[in-house]
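In the working numbering, the protein residues as written are 55 to 477.
Here a beta-carbon is modelled for each residue, glycine too, at the ideal position from N, C-alpha and C.
Being a predicted model, the structure only gives us computed values, none of them experimental.
What follows is one structure encoded as structure tokens, with my remarks underneath.
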RNA sequence: GGAGAGGUGGCAGAGUGGUAAUGCAACAGCCUGCUAAGCUGUCAACGAGCAAUCGUUGCCAGGGUUCGAAUCCCUGUCUCUCCGCCA
């Protein structure tokens, strides 16, 4: 959620930037917020004055009662009745204004960073780097779902029986390879100072609001209605919400966490070849990295995080490309996002395996995640996160590119974790 | 699932109707041969002001009673203890 202070000072440039970059016109919402805010502050001024009066009267009444001057006290009491009524009314309209502003703010997306290329769709994303894939193309290579069947690594039909489409069952070496990847990703993160967390897979409603899944995207989350808990769509939700309503000390920053969790997504509206095999699942595993930083450092941190995730892909020896998302493809809460996509040789297709974003203060404003700087003043921190990495599509790319007549070779770095060299 | 107790500042902890004691910790300033001690101050949100500062709100949340609520009433929620169940 955007900061109201910024809307007070820069509303026109925010409107202009969101329109140019995201191609979305938010002028109505922002102007309304601006006007409601003026009204709200005016209301508060009156309300405060009246309340101050009321406090004075109340304590006078108390004094009179103590003295035993009941007559005088009763006269004062009468004075309060009108005042009380007015305070009640004014408080109500103050709260209504406050609520309206909040609801509008929830609907306004983050203001994109200047690096974000303007654009409407994924076609406008900026390709920053791409491995050369021409020499890899080969029609005789199998897509991963056929490899999974051939070597009995992942059983999609069995998952349908037990749960439904999009809940595959990993078997034997398939399950071991998956576990090896998780272990590898966690260990690499630990090496460069990310503290590992093992977090709940269900979260409460407040956490859903904190990271922005609620109120808009509840359709994307599974909901355990009996206990009113949500299955997490990403580890970002429980990890970031640890810091909801927290004031950190500046020297605590940056905070770096890494966590593995399954992720649950309803993916309502997806269909066709996009959902074939491991391309899109309702439940999948992911290792997530999260950082909370000083605002001055967040963009350097974003670059570091992207480089780190790239290094993981390189260690696995997978062809990949790096994109800077354009305004139209940029997530609602993000100010700047890089996507990393590995190449699926069996499908001749790029698969998104990581999305790394700087949210600036958009999340922390909602979370009330702040820090005390050297002048003791309290400021919003910046939050960032990224996948490092999402498992199924990595698995898909990995199986496809390492297939040979005699089997599937396991990348060198994973062998200590799998205990076998090939499938 | 049943029964009971409870939720107050960074922590501990008092406060049953008159506007949040006290202790500990941390930080800042003062004092000071040194050290220790001592003294003073230090919460958050919002608003007004160039500023010093001032006002309002906040004792789990939401409602109610009252001139006035941490305190009384209602609803919700969370935690703890015992019992039951259980990896």
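Which listed residue (the options) has its alpha carbon closest to that of residue i
i           : options            : result
residue 381 : 181, 312, 172, 373 : 172
residue 370 : 443, 229, 179      : 443
residue 311 : 321, 319, 297      : 297
residue 374 : 434, 448, 345, 97  : 448
residue 90  : 120, 75, 159, 106  : 159
residue 191 : 455, 74, 264, 460  : 455
residue 154 : 84, 107, 113       : 84
residue 366 : 308, 246, 434      : 246
residue 359 : 200, 450, 393      : 393
residue 211 : 332, 125, 117      : 332
residue 205 : 195, 216, 227, 215 : 227
residue 479 : 351, 281, 387      : In the structure as shown, the chain begins at 55 and stops at 477. Residue 479 is therefore absent and cannot be evaluated.
residue 134 : 86, 115, 288       : 115
residue 347 : 423, 329, 334, 285 : 423
residue 472 : 263, 418, 233, 329 : 233
residue 262 : 251, 282, 248, 249 : 282
residue 109 : 141, 295, 279      : 141
residue 428 : 307, 130, 463      : 307
residue 251 : 168, 460, 289      : 289
residue 315 : 321, 301, 285, 305 : 285
residue 166 : 195, 460, 139, 416 : 416
residue 309 : 88, 113, 355, 264  : 355
residue 398 : 450, 385, 441      : 450
Start and end residues, alpha helix (DSSP H) containing residue i
i           : result
residue 171 : Note, residue 171: premise wrong, no alpha helix (DSSP H); not H, not E.
residue 66  : 58-76
residue 200 : 198-204
residue 213 : 210-216
residue 432 : Here residue 432 belongs to no alpha helix (DSSP H); instead the beta strand (DSSP E) covers 432-434.
residue 157 : 124-161
residue 182 : Careful: residue 182 lies outside any alpha helix (DSSP H), inside the beta strand (DSSP E) at 180-184.
residue 95  : 81-121
residue 452 : 445-455
residue 297 : No alpha helix (DSSP H) contains residue 297, which DSSP labels as neither H nor E.
residue 480 : Residue 480 falls outside the range modelled here, since the chain spans only 55 to 477, and no answer is possible.
residue 465 : Careful: residue 465 lies outside any alpha helix (DSSP H) and carries neither H nor E.
Assigned exposure category for residue i - 16 Cβ within 10 Å defines buried
i           : result
residue 161 : exposed
residue 128 : exposed
residue 391 : buried
residue 59  : exposed
residue 341 : buried
residue 368 : exposed
residue 68  : buried
residue 303 : exposed
residue 244 : exposed
residue 78  : exposed
residue 92  : exposed
residue 80  : buried
residue 421 : buried
residue 164 : buried
residue 218 : exposed
residue 269 : exposed
residue 238 : buried
residue 149 : exposed
residue 95  : exposed
residue 361 : exposed
residue 389 : buried
residue 61  : buried
residue 136 : exposed
Whole-angstrom C-beta distance between residue j and residue i, which should lie under 8 Å
i           : j           : result
residue 349 : residue 436 : 5 Å
residue 56  : residue 101 : Contact flag wrong, Cβ pair sits at about 25 Å.
residue 222 : residue 209 : 7 Å
residue 235 : residue 468 : 7 Å
residue 377 : residue 181 : 6 Å
residue 179 : residue 383 : 6 Å
residue 395 : residue 404 : 4 Å
residue 445 : residue 338 : 6 Å
residue 344 : residue 293 : 5 Å
residue 434 : residue 411 : No, residue 434 and residue 411 are not in contact; Cβ-Cβ is about 16 Å, not under 8 Å.
residue 462 : residue 474 : The pair is not a contact, with the Cβ atoms about 10 Å apart (cut-off 8 Å).
Span of the beta strand (DSSP E), counted from its first residue to its last, around residue i
i           : result
residue 415 : Per DSSP, residue 415 belongs to no beta strand (DSSP E) and is neither H nor E.
residue 395 : 390-398
residue 423 : 423-426
Residue i CB to nearest heavy atom of the ligand FAD below 8 Å
i           : result
residue 270 : This structure simply doesn't include the ligand FAD, nor any ligand for that matter.
Length at least 3, wholly inside the region 306-388: the beta strand (DSSP E) runs in chain order: 309-318, 337-347, 374-378
Residue ranges of each beta strand (DSSP E) within the region 207-286, 3 or longer: 249-251, 283-285
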